[in-house]
Amino acid sequence: MRLLVLVKPLWEDRLQNFFPVPEIFSVRKKECQAFQSCWNKHLGKSKLVYTRTMDGRKLLLKARLFHIHNVNNELTKKNVVWR
Numbered sequence: 826m827r828l829l830v831l832v833k834p835l836w837e838d839r840l841q842n843f844f845p846v847p848e849i850f851s852v853r854k855k856e857c858q859a860f861q862s863c864w865n866k867h868l869g870k871s872k873l874v875y876t877r878t879m880d881g882r883k884l885l886l887k888a889r890l891f892h893i894h895n896v897n898n899e900l901t902k903k904n905v906v907w908r
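So the sequence shown is numbered by my numbering: it starts at 826 and just counts up by one.
Written as structure tokens, this is what we have:
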């Protein structure tokens with residue numbers, strides 16, 4: 826994984842969502858920017874982060890730890906019972 830799409834919701838400053846850029850788009854910078862422009866058009870504002878730099882590596886580790894934390898949490902089920 827060489828690039829991440831970083832998305833911050835407008836209402837929450839601390840919250841960040843990370844999405845990997847597909848390998849087919851992460852080969853050249855021009856293709857990455859085309860992917861990002863389509864992302865921005867259809868899904869909202871985002872930022873590309875190159876993970877081979879020191880800052881990008883920190884964000885990649887943060888994204889991985891966030892994923893591990895969410896995978897280990899149990900999901901709460903909600904049942905609707907009609908009586």
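Backbone N, C-alpha and C define an ideal beta-carbon position, used for all residues, glycine too.
These figures come from a predicted structure and were not determined experimentally.
Extent of the continuous beta strand (DSSP E) to which residue i belongs
i, result
"Phe843", "Asn842 to Pro845"
For residue j and residue i, the rounded distance between their alpha carbons
i, j, result
"Leu884", "Lys855", "22 Å"
"Leu886", "Phe844", "13 Å"
"Arg908", "Phe850", "53 Å"
"Arg827", "Thr876", "5 Å"
"Thr878", "Lys903", "43 Å"
"Leu868", "Val905", "32 Å"
"Leu909", "Val852", "Limits of the chain in this structure are 826 at one end and 908 at the other, which puts residue 909 out of reach."
"Asn809", "Leu829", "Shown here, the chain extends from 826 to 908; a query on residue 809 therefore has no answer."
"Asp880", "Val874", "9 Å"
"His892", "Arg882", "15 Å"
"Ala888", "Cys863", "22 Å"
Span of the alpha helix (DSSP H), counted from its first residue to its last, around residue i
i, result
"Lys855", "Lys854 to Leu868"
Opposing strand residues paired with residue i [DSSP bridges]
i, result
"Lys872", "Leu831"
Neighbourhood of residue i by C-beta, 6 Å cutoff - its chain only, sequence neighbours within 5 removed
i, result
"Asn842", "Val832"
Supposed contact pair residue j and residue i - C-beta distance, whole angstroms, cut 8 Å
i, j, result
"Gln858", "Ser871", "Not confirmed; about 12 Å, so no contact."
Heavy atom of the ligand FAD within 6 Å of residue i beta-carbon
i, result
"Val874", "For the ligand FAD, the structure offers nothing, since it holds no ligand at all."
Residue-level contact to chain D via CB, residue i, 7 Å cutoff
i, result
"Arg889", "The structure shown contains no chain D, having only a single protein chain."
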